[in-house]
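The structure appears below as structure tokens.
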Amino acid sequence: MNAPYAEPFLVLSDIDHPYTDGVDLNVQLSTDMEIRRTGIPYLYLTNRASHDLIIDAYGKMAQGFFIKPNSPKELVSTLKAIIDYWLACAISS
275 MNAPYAEPFL VLSDIDHPYT DGVDLNVQLS TDMEIRRTGI PYLYLTNRAS
325 HDLIIDAYGK MAQGFFIKPN SPKELVSTLK AIIDYWLACA ISS
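Set out below in structure tokens:
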């Protein structure tokens, strides 16, 4: 496959992962200076949310926190809105 490599323009993570949580993953990524210099936004899309969890996520430099919708149609709509917004931000910068 000879497709060109494209830099990601955002990270969309759940809070729950098998070996770590999304907040810890964000902290790990943010300690890598090369990744940090890119300014790629780190967003959460999760079923699990509480006031404390959201405050913790934003305190560790999250740029967005979204609750997963219940229906596949709503999920597609939410993902499209997230991608459209951040893609427009990436293009304008």
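Heads up, the sequence shown is in the numbering used here, so the first residue is 275 and it goes up one at a time. Beta carbons are placed, not taken as given, at the ideal position from N, Cα and C, and that holds for glycine.
query: Taking the continuous alpha helix (DSSP H) assigned at L286, which residues delimit it?; result: No alpha helix (DSSP H) contains L286, which is instead part of the beta strand (DSSP E) from 285–287.
query: In three-state DSSP terms, what is G338?; result: strand
query: Do M335 and Y316 have their beta-carbon atoms positioned less than 8 Å apart in this structure?; result: yes
query: Using only alpha-carbon positions, find the residue among S351, V350, C363, L327 that is nearest to D290.; result: L327
query: By DSSP's criteria, T294 is part of a beta bridge. Which residues make up the other side?; result: T294 pairs with nothing; no bridge assigned.
query: Quick one: Cα of I309 to Cα of L319, how far?; result: 21 Å
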